[in-house]
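In my numbering, the protein residues as written are 10 to 78.
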Amino acid sequence: MKVKQVIALCIIIILVGFFTACSKGTQEPSGIKKLKVTTTLFPVYDMAKKIGMDKADISLLLPPGVEAH
Numbered sequence: 010m011k012v013k014q015v016i017a018l019c020i021i022i023i024l025v026g027f028f029t030a031c032s033k034g035t036q037e038p039s040g041i042k043k044l045k046v047t048t049t050l051f052p053v054y055d056m057a058k059k060i061g062m063d064k065a066d067i068s069l070l071l072p073p074g075v076e077a078h
C-alpha cells in the first residue's frame, strides 16, 4: 500500500511540474533590444537593411566612397 502511495505522489508531482512548465507565459519583455549588425560591403549592408527593417540596427563599417580593397 505504501509503495502505491509513493508512486502516485511521484506521478502527481511530475504532472504538476510538466503542466506548469508548459504553460504560456503572459509576461512581456521589459525592453525589446534591436539586433546590432555591422557589415563591410555595401551590397551586404543593403540586403541586411531590407531584411532587418526596424528590428535591427544596421551599420556600414566603411564610409561611403571608400574602396574595400
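Here a beta-carbon is modelled for each residue, glycine too, at the ideal position from N, C-alpha and C.
Bounding residues of the alpha helix (DSSP H) (the contiguous stretch that carries residue i)
| i | result |
| --- | --- |
| D63 | Segment: none, D63 is in no alpha helix (DSSP H) and carries neither H nor E. |
| K43 | Unbroken run through K43: none, as it is neither H nor E. |
Contact check, residue i vs residue j, beta carbons under 8 Å
| i | j | result |
| --- | --- | --- |
| V53 | A65 | no |
| T49 | I67 | no |
Three-way DSSP call (helix, strand, coil) for residue i in this model
| i | result |
| --- | --- |
| T29 | helix |
| L69 | strand |
Close beta carbons around residue i, own chain, < 6 Å, minus the five adjacent residues each side
| i | result |
| --- | --- |
| G26 | none |
Close-in-space but distant-in-sequence residues of the same chain around residue i (CB under 7 Å, 5 per side omitted)
| i | result |
| --- | --- |
| F51 | L69 |
Close beta carbons around residue i, own chain, < 8 Å, minus the five adjacent residues each side
| i | result |
| --- | --- |
| A57 | V46, T48, A65 and I67 |
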